[in-house]
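For the sequence shown, our numbering gives the first residue as -2, with consecutive numbering after it.
All C-beta atoms, glycine included, are put in the ideal place defined by N, C-alpha and C.
Some notes on the structure that comes next.
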Amino acid sequence: MSKRELRSAAAPAPLGTYSQALVVGDFVYTSGMGPIDPKTGEVVGDDVASQTRQTLANLTAVLAEHGLGLDDVVKSTVHLQELHRDFAAYDEVYRAHFNQPYPVRTTVGSDLMNILVEIDFVAYKKS
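As structure tokens, then:
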């Protein structure tokens, strides 16, 4: 099995020792991404709805590097800084970006670094 790195200038550059995404077989695994503007490096928005929109835009840019879109996402993992407070607003934005059947999803509360949301995906594309 081989793996190939995906990079997009339209998504934030990694801040540590990790790839934006890897292609492994028919799957793409993204790193966790947050609401960072890829041009400025600044956090976009001060509420979970605007931060979720930017996070999904970043992930969409990385998926596009392999010819994928949100309809190809099969699994997402979501971290919310304020799970109880922000879940409904986050879920409303998330739902507007996906079609049924929705990806399977795990959503947890996490201690995040100055952001309200972080999301990673597993997407599938038949070779």
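Which of helix, strand or coil DSSP assigns to residue i
i: Glu89; result: helix
i: Ala126; result: Because residue 126 is not part of the residues shown, which for the chain are -2 to 124, the question remains open.
i: His63; result: coil
i: Asn55; result: helix
i: Gln78; result: coil
i: Phe84; result: helix
Residues bridged to residue i [DSSP beta-bridge criterion]
i: Lys36; result: In DSSP, Lys36 forms no bridge with anything.
i: Ser73; result: Arg102, Phe118
i: Ala18; result: Leu3, Thr27
Option nearest residue i by Cα separation, candidates the options
i: Ser5; options: Val40, Thr57, Gly42, Thr37; result: Thr57
i: Pro9; options: Val20, Glu89, Val41; result: Val41
i: Ala85; options: Val71, Leu67, Thr37, Ala46; result: Ala46
Span separating the alpha-carbon of residue i from that of residue j
i: Tyr121; j: Thr49; result: 22 Å
i: Asp23; j: Gln51; result: 26 Å
i: Met(-2); j: Ala54; result: 29 Å
i: Leu67; j: Leu60; result: 8 Å
i: Glu115; j: Glu2; result: 20 Å
Cβ-based burial, residue i [other Cβ within 10 Å; buried from 16]
i: His81; result: exposed
i: Val105; result: exposed
i: Thr37; result: exposed
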